[in-house]
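One rule links them: number in our numbering = place in the sequence shown (from 1) + 99.
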Amino acid sequence: MKKFIKILGLLVVVHGMSGCENDATDVHASAAETKVSAVLWGEANNQPVYLYTLTNNAGMQVKVSNWGAYVQSILVADKLGKIEDVLVGYNSWQEYYNDCCYSGPVVGRFGNRIAGAQFEIDGQVYQVTKNDGGPNKDINQLHGGKLGLHKRLWQSKIISNGVELSYLSVDGEEGYPGNLNIKVRYTLNQQNEFAVAYAATTDKTTPVNLTLHTYFNLSGDRKRSIEGHELMIAANKITPVDDLLIPTGALQDVANTPFDFTQAKLVAKDIRVSDPQLLKGGGMDTEFGGFDHNWVFSDYDGSLKNQVSLYDPQSGRLLEILTQEPAIQFYSGNFMDGSVSGKNAKPILHREGLALEPQHFPDSPNQPQFPSTLLKPGDTYQTQSVYRFSVK
Ligand code: BGC
Numbered sequence: 100m101k102k103f104i105k106i107l108g109l110l111v112v113v114h115g116m117s118g119c120e121n122d123a124t125d126v127h128a129s130a131a132e133t134k135v136s137a138v139l140w141g142e143a144n145n146q147p148v149y150l151y152t153l154t155n156n157a158g159m160q161v162k163v164s165n166w167g168a169y170v171q172s173i174l175v176a177d178k179l180g181k182i183e184d185v186l187v188g189y190n191s192w193q194e195y196y197n198d199c200c201y202s203g204p205v206v207g208r209f210g211n212r213i214a215g216a217q218f219e220i221d222g223q224v225y226q227v228t229k230n231d232g233g234p235n236k237d238i239n240q241l242h243g244g245k246l247g248l249h250k251r252l253w254q255s256k257i258i259s260n261g262v263e264l265s266y267l268s269v270d271g272e273e274g275y276p277g278n279l280n281i282k283v284r285y286t287l288n289q290q291n292e293f294a295v296a297y298a299a300t301t302d303k304t305t306p307v308n309l310t311l312h313t314y315f316n317l318s319g320d321r322k323r324s325i326e327g328h329e330l331m332i333a334a335n336k337i338t339p340v341d342d343l344l345i346p347t348g349a350l351q352d353v354a355n356t357p358f359d360f361t362q363a364k365l366v367a368k369d370i371r372v373s374d375p376q377l378l379k380g381g382g383m384d385t386e387f388g389g390f391d392h393n394w395v396f397s398d399y400d401g402s403l404k405n406q407v408s409l410y411d412p413q414s415g416r417l418l419e420i421l422t423q424e425p426a427i428q429f430y431s432g433n434f435m436d437g438s439v440s441g442k443n444a445k446p447i448l449h450r451e452g453l454a455l456e457p458q459h460f461p462d463s464p465n466q467p468q469f470p471s472t473l474l475k476p477g478d479t480y481q482t483q484s485v486y487r488f489s490v491k
């Protein structure tokens with residue numbers, strides 16, 4: 100086991116190092132392996148915050164941090180071979196520390212909303228922290244609560260082709276029952292597939308719904324709005340929502356509505372159609388709203404399936420999302436309004452990014468007809484999503 104060396108504030112990884120643990124993985128990977136390196140990026144609670152870079156032989160790079168398990172950037176070639184960043188986010192750790200908008204972290208313990216920030220398990224009512232809904236954001240819970248998993252420092256270590264992050268969310272944290280041991284593995288292979296594998300165990304029954312909250316813009320370095328991207332979602336239904344974006348409990352057919360993405364179409368195509376569900380998406384486009392809904396995959400069976408594709412015709416970049424999850428939240432960046440500055444101090448303009456979050460359905464803990472999100476002691480929560488990049 101070798102230690103890291105600090106040179107001019109940069110942390111150079113010498114050998115199988117980690118955030119807080121060490122293992123024997125050599126970062127000087129063999130030719131078939133993705134290279135993994137790390138720099139010291141900041142400091143939280145007197146602990147080092149690292150930015151890891153995963154680089155494959157094709158030159159694709161993914162940068163991730165042990166702060167909030169953020170994915171900071173994905174650099175990938177366009178059809179002319181130009182490598183650019185396809186994630187909306189920031190440059191410095193300080194900006195991630197202050198991030199308002201879930202710009203690339205793992206969200207949980209429960210991704211998306213829980214009505215009334217409350218649920219019942221075996222006759223016991225649990226009140227989790229409120230951070231969403233109404234003018235004071237004090238009605239529901241969104242993305243696991245105020246600090247969730249995204250404002251925490253995770254343990255980290257380099258593994259083959261990537262990084263493993265772990266976090267112990269203690270019993271009662273954000274109001275949730277049970278000590279939840281979470282592991283997230285980020286790996287990049289030679290086929291430009293960035294895989295996110297989640298695992299968790301608990302000592303009390305608790306809901307778990309982890310997802311990655313990255314905002315994509317395949318134009319590269321945010322050159323254009325995402326309205327010019329073509330999106331396909333293999334889903335015949337959505338879970339329609341009320342005014343606070345809580346599922347009503349029904350399933351709604353997408354056929355003949357703006358929500359039909361079963362055939363790839365431009366995000367812009369139906370985003371300004373008058374539709375009561377679209378209006379719930381809110382945001383800057385006050386007349387029409389936007390997409391902020393959960394699509395239910397038609398052929399879900401728990402295996403890893405190619406369910407979503409996003410394509411930018413100008414750059415030729417194609418992203419396919421393979422997932423074991425039953426659904427995906429598609430949020431079209433409705434609230435982005437230029438008031439927040441992102442990478443290279445460029446204001447993040449309306450619809451400069453879109454989030455695609457493979458997940459279980461929002462508010463599942465209160466909707467028994469939805470697939471269960473309860474994890475019991477002795478069981479292991481395990482799920483994977485793969486982000487596959489190519490050009491066409
Ligand atoms: C939610 C949106 C929210 C966004 C950023 C999405 O997952 O569905 O309603 O505005 O995250 O917080």
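The beta-carbon is built from N, C-alpha and C at its ideal position, and this holds for glycine as well. For clarity, every value in this text was computed on a predicted model and none was experimentally measured.
Residue burial classification, residue 226 (beta-carbon count within 10 angstroms, cutoff 16): For residue 226, the number of other beta carbons within 10 angstroms of its own is below 16, and it is reported as exposed.
Cβ-based burial, residue 148 [other Cβ within 10 Å; buried from 16]: Within a 10 Å sphere around the beta-carbon of residue 148 sit 16 or more other beta-carbons, which makes this residue buried.
Residue 478, buried or exposed, once every other Cβ within 10 Å from all chains shown has been counted against 16: So residue 478 ends up on the exposed side.
Beta-ladder partner(s) of residue 542, from DSSP: The requested residue 542 is not part of the displayed model; the chain covers only 100 to 491.
Classification of residue 341 by the beta-carbon crowding that lies within 10 angstroms, buried from 16 upward: Taking every protein chain shown into account, the CB of residue 341 has fewer than 16 other CB atoms within 10 angstroms, so this residue is exposed.
C-alpha gap between residue 266 and residue 251, whole angstroms: Each residue's alpha carbon lies about 8 Å from the other.
Helix, strand or coil at residue 178 [DSSP, three-state]: Residue 178 falls in the coil class under three-state DSSP.
Under the three-state DSSP convention, the category residue 468 falls into: In the three-state DSSP reduction, residue 468 falls in the coil class, being neither helix nor strand.
Endpoints, the beta strand (DSSP E) within which residue 195 is located: Segment 192-196 is the alpha helix (DSSP H) holding residue 195; no beta strand (DSSP E) there.
Residue 231 to residue 326 span [Cα, whole Å]: Those two C-alpha atoms are separated by around 27 Å.
Cβ contact check for the stretch 462-472 and the stretch 283-292: 3 or more pairs under 8 Å: Taking 8 Å as the limit for Cβ pairs, the verdict is that the stretch 283-292 does not touch the stretch 462-472.
Nearest candidate by alpha-carbon position, reference residue 97, set 319, 357 and 298: The requested residue 97 does not occur in the structure, where the chain is confined to residues 100 to 491.
Residues near residue 363 by beta carbon distance below 8 Å, same chain, minus five either side: These residues qualify, in order along the chain: 329, 330, 331, 408 and 410.
Pairwise C-alpha distance: residue 271 and residue 180: Distance between the alpha carbons of residue 180 and residue 271: 49 Å.
Same chain only: Cβ atoms within 8 Å of residue 336, ignoring 5 sequence neighbours per side: Excluding residues within five positions, the ones whose Cβ falls inside 8 Å are 350, 351, 352, 353, 394, 395 and 397.
Through-space distance from residue 223 to residue 275, alpha-carbon basis: Going by the C-alpha atoms only, they are around 12 Å apart.
Residue 376 beta carbon near the ligand BGC (any heavy atom closer than 7 Å): Remark: the C-beta of residue 376 is outside contact range of the ligand BGC, defined as less than 7 Å to any heavy atom.
Status (buried if at least 16 other CB within 10 Å, exposed otherwise) for residue 481: By the Cβ neighbour-count rule, residue 481 is exposed, with fewer than 16 other Cβ atoms within 10 Å of its own.
At least 3 beta-carbon pairs within less than 8 Å: the stretch 233-251 vs the stretch 378-387: Not touching, per the Cβ criterion.
Spatial distance of residue 126 from residue 386 (CA atoms): For residue 126, the pLDDT reaches just 45, beneath the cut-off of 50, and the residue's location in the model is therefore unreliable, although a value from the coordinates is still provided. Cα to Cα, residue 126 sits roughly 52 Å from residue 386.
Option nearest residue 491 by Cα separation, candidates 374, 313, 317 and 441: Just measuring C-alpha positions, the residue of 374, 313, 317 and 441 sitting nearest residue 491 is 317.
Cross-strand partners of residue 136 (DSSP beta bridge): Answer is 152.
Nearest-angstrom Cα separation, counted from residue 132 out to residue 240: Roughly 40 Å separates the two Cα atoms.
Endpoints, alpha helix (DSSP H) assigned at residue 377: Residue 377 -> alpha helix (DSSP H) spans 375-379.
Rounded straight-line distance, which links the Cα of residue 388 to that of residue 216: Each residue's Cα considered, the two are about 25 Å apart.
The stretch 398-405 contacting the stretch 157-172, beta-carbon criterion three pairs below 8 Å: Here the stretch 398-405 does not lie against the stretch 157-172, with fewer than 3 beta-carbon pairs under 8 Å apart.
Nearest to residue 438 (by Cα), restricted to the options 430, 346, 432 and 447: Here the closest residue by C-alpha is 447.
C-beta atoms of residue 295 and residue 484 nearer than 8 Å: With a cutoff of 8 Å on beta-carbon distance, residue 295 and residue 484 are scored as near each other.
Inter-residue spacing [alpha-carbon to alpha-carbon] between residue 124 and residue 161: Note that residue 124 scores a pLDDT of 38, beneath 50, so its modelled location is shaky and nothing firm can be said.
Supposed close pair residue 220, residue 304 - CB separation, criterion 8 Å: 5 Å between Cβ atoms; contact.
Residue environment, residue 106, which counts as buried when at least 16 other CB atoms sit within 10 Å: With a pLDDT of only 35 at residue 106, under 50, the local geometry of the prediction cannot be trusted, and the value read off the model is given with reservation. Classification of residue 106: exposed, given that the 10 Å Cβ count is below 16.
Nearest to residue 269 (by Cα), restricted to the options 460, 288 and 208: By alpha-carbon distance to residue 269, the top candidate from 460, 288 and 208 is 208.
Buried versus exposed, by CB contacts within 10 Å (16 or more), residue 372: Exposed, because fewer than 16 other Cβ atoms sit within 10 Å of the Cβ of residue 372.
Residue 334 versus residue 360: straight-line alpha-carbon distance, rounded: Going from the Cα of residue 334 to the Cα of residue 360 covers about 7 Å.
Reduced DSSP secondary structure (H/G/I, E/B, other) of residue 271: Residue 271 falls in the coil class under three-state DSSP.
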